[in-house]
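Reading through the structure tokens given below for one structure.
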Amino acid sequence: MAVTTAVFFDVANTLLCKPGLYGAIAGVLAERAIEIPTDDLAMRHRLLSEAVNFPDRTSVEFYERFNAQLLRSLGVAADAELVRAIHRACNYLPWAPFADVSYLKSLRQPIGVLSNWDRSLPDHLRTLTGIPFRWILGSEEHSMRKPDPAFYALMLEAADCPAGEIVYVGDSIALDIEPAQRLGVRAWLLDRDDLYAHGNLPRLRSLAEIESVL
């Protein structure tokens with residue numbers, strides 16, 4: 006097995022999530038007698054997120070465009086009031102760690118993050134108690150963002166080791182896996198919801214599996 010000198014992670018929807026998101030959206034729709042199964046809603050939201058470029062600092066206009074596209078993907082007309090109601094219900098929902106993030110505490114290798122996030126990233130990572138991050142590389146702080154190869158090169162520079170000695174875990178094929186693989190990093194797609202069961206990418210179904218690939 007290859008030597009692993011450092012392990013890096015994406016953050017949004019890899020280490021942290023908004024647990025109330027899908028319930029909030031489903032609740033707004035239910036108020037209008039539109040019943041969408043939560044699993045279906047989650048799948049459409051995840052797949053749309055893969056296709057959309059999220060800025061470091063989002064705006065009302067960005068989320069209203071996103072939510073309009075989400076509604077259309079569900080077969081729901083994106084009228085302005087419904088789009089605004091979804092934004093109101095989801096605005097300021099708190100971030101929280103996934104339960105399986107606790108497995109990072111057992112890793113012997115130094116840990117870092119490479120994330121498209123604003124300068125609040127270190128504050129959010131403090132909620133992951135007991136996990137020491139040696140490197141915190143946020144896009145706004147470094148004025149570059151995934152999938153820019155220069156951002157990944159910054160990760161290699163920080164770790165100060167060959168690309169093949171780095172394991173990188175993220176939930177996005179376009180932003181995480183493809184750019185990391187192009188530089189020779191051992192990238193693993195975190196696919197908790199089994200969306201990509203028939204693909205050809207190395208996958209983890211849970212962070213509980215992380216030690217098996219180091």
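When the sequence shown is numbered by my numbering, its final residue is 219 and no position is left out of the sequence of numbers. All C-beta atoms, glycine included, are put in the ideal place defined by N, C-alpha and C.
Apart from the five residues just before and just after residue i, which ones in its own chain have a Cβ nearer than 7 Å to its Cβ?
i: G169; result: A7, G189, R191
i: T19; result: V174, G175, D176, L195
Where does residue i sit, in a helix, a strand or coil, going by DSSP?
i: I141; result: strand
i: R208; result: strand
i: V8; result: coil
Considering residue i, what are the terminal residues of the beta strand (DSSP E) in which it resides?
i: L195; result: 191-195
i: G175; result: 171-175
Below 6 Å CB to CB, which residues in the same chain sit around residue i once its five sequence neighbours on both sides are set aside?
i: G135; result: K110
i: Y173; result: F13, A185, V190, A192
i: A213; result: D105, Y108
Please report the residue range of the alpha helix (DSSP H) in which residue i lies.
i: A185; result: 183-187
Around the C-beta of residue i, are 16 or more other C-beta atoms found within 10 angstroms, so that it is buried, or is it exposed?
i: V106; result: buried
i: A202; result: exposed
i: N205; result: exposed
8 Å is my cut-off, CB to CB: does residue i come that close to chain D?
i: P127; result: Among the protein chains of the structure shown there is no chain D, as only one such chain exists.
Report the residue ranges of all alpha helix (DSSP H) runs contained in full by the segment 80-154; include only those spanning at least 4 residues, in chain order. 85-95, 126-130, 144-147
Please specify which runs of the alpha helix (DSSP H), each continuous and at least 4 residues long, are wholly inside the segment 18-70, giving them in chain order. 26-36, 43-56
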